[in-house]
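Below is one structure, written out as structure tokens; comments come after it.
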């Protein structure tokens, strides 16, 4: 049986899902407008580990910039 991992889009950390609750990880949903410009991103959700969420309050803008999507207003992060 394959193990499912959460994979941090910033630091590349991998964590077996379930050891640290997925709710503690930041989640970045790609806008539908972005999916038109970047078809590979359609329905994509990127995850960021709790450490990176704590270290980088602007983690959503960092991801958007890395994907060439521009900045978005920050969303609430589950704690």
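Residue numbers (my numbering): 4 to 82. Glycine residues also receive a C-beta, built at the ideal position from the N, C-alpha and C atoms. Please read all numbers here as calculations on a predicted model, not as lab measurements.
Delimiting residues of the alpha helix (DSSP H) encompassing residue i
| i | result |
| --- | --- |
| residue 71 | Taken as a continuous stretch (DSSP letters only), residue 71 belongs to no alpha helix (DSSP H), as it is neither H nor E. |
| residue 16 | Counting along the chain, residue 16 falls outside any alpha helix (DSSP H), and DSSP gives it neither H nor E. |
| residue 56 | 53 to 58 |
Cut-off 8 Å between Cβ atoms - residues of its own chain near residue i, not counting five sequence neighbours on either side
| i | result |
| --- | --- |
| residue 17 | 8, 9, 10 and 11 |
Buried or exposed (CB count within 10 angstroms, at least 16 for buried), residue i
| i | result |
| --- | --- |
| residue 53 | buried |
| residue 58 | exposed |
| residue 55 | buried |
Element boundaries [beta strand (DSSP E), containing residue i]
| i | result |
| --- | --- |
| residue 29 | 29 to 32 |
Same chain only: Cβ atoms within 6 Å of residue i, ignoring 5 sequence neighbours per side
| i | result |
| --- | --- |
| residue 27 | 53 |
Own chain partners of residue i with C-beta closer than 7 Å, once the 5 adjacent residues on each side are dropped
| i | result |
| --- | --- |
| residue 30 | 48 and 50 |
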